[in-house]
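Below: one structure, written as structure tokens.
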Amino acid sequence: MPNDATADNGRMKFGVLQFFSWPGRRVPLPTVYERALNRIDIMDETGYDCVWLAEHHFSTYSVCPSVHLMGMHVAGRTKNLRIGTAVTLASFYHPLRIAEEVALLDILSGGRVNWGAGRGFDRTEFRAFGVEFEESYPRFRESVQVVLEAWRQERITWHGDYYDFDEIEVLP
């Protein structure tokens with residue numbers, strides 16, 4: 002039985018992790034985005050399978066604060082390329098919002114989303130978002146569980162360590 006990497010008649014799938022690194026003020030931010038998006042256009046036109054979008058905050062390491070917003074833009078300008086989140090920093094957002102945004106992105110992209118979630122690593126991001134670094138793993142795990150359950154169930158009730166709600170229907 003073929004695995005996902007070889008599901009297309011034995012052809013290995015190929016994608017690129019796209020950071021939006023900013024070399025500093027000598028390059029205007031719009032230029033950083035334009036160059037990255039031009040690369041993504043070329044990937045779409047030349048048969049790449051997927052682009053993975055990197056999210057970070059408050060750092061020149063990658064100036065893409067929302068892989069969901071960037072993914073929407075990429076979806077609107079590409080036709081074939083799958084759009085991966087690498088990663089949605091799940092420790093920083095309410096999981097019901099993540100579930101809604103990723104579902105919307107998947108619908109508007111024509112089903113081209115690969116969702117990747119992570120907890121993050123940069124303590125500056127954790128401090129700025131008011132999340133204790135030491136609780137990031139359990140918060141991340143619970144967030145991902147909520148997102149997956151929201152996609153599986155028509156209505157979700159959750160009483161966890163970090164999130165608590167009853168009978169929510171996640172739309173889309």
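Residues 2 to 173 in the numbering used here are what the sequence shown lists, from first letter to last.
Heads up, the beta-carbon is just placed ideally off N, CA and C, and yes, glycines get one too.
Only a predicted model underlies this, so the values are computations on that prediction, with no experimental measurement involved.
| Tell me which same chain residues have a C-beta within less than 8 Å of the C-beta of P3, skipping the five on either side of it? | Model confidence at P3 stands at a pLDDT of 44, short of 50, so the residue's coordinates are unreliable; what they give is reported in the following sentence. Excluding sequence neighbours, P3 sits near G11.
| message | For a quick check, are the C-beta atoms of D107 and K80 less than 9 Å apart? | response | no
| task | To the nearest angstrom, report how far apart R128 and H57 are at their CA atoms. | result | 13 Å
| query | Residue range of the beta strand (DSSP E) that Q19 falls in? | reply | G16 to Q19
| task | Mind reading off the beta-carbon distance from F93 to G121? Whole number of angstroms is fine, and I expect it under 8 Å. | result | 7 Å
| query | What are the boundary residues of the beta strand (DSSP E) that W1 is part of? | reply | This structure does not reach residue 1, given that the chain is present from 2 up to 173, and the question cannot be answered.
| field | beta strand (DSSP E) runs contained entirely in the region 19-106, provided each spans 3 or more residues | value | 51-54 and 83-86
| query | Who are the near neighbours of D42 in its chain, counting only those whose CB is closer than 8 Å to its CB and skipping five residues on each side? | reply | R78 and T79
| task | Note down, in chain order, each residue of its chain lying with its Cβ closer than 6 Å to the Cβ of V148, except the 5 sequence neighbours on either side. | result | P96, I99 and A100
| Simplified DSSP assignment, three categories, for E168 | strand
| request: Check W152 in the structure and name its three-state DSSP category. | output: helix
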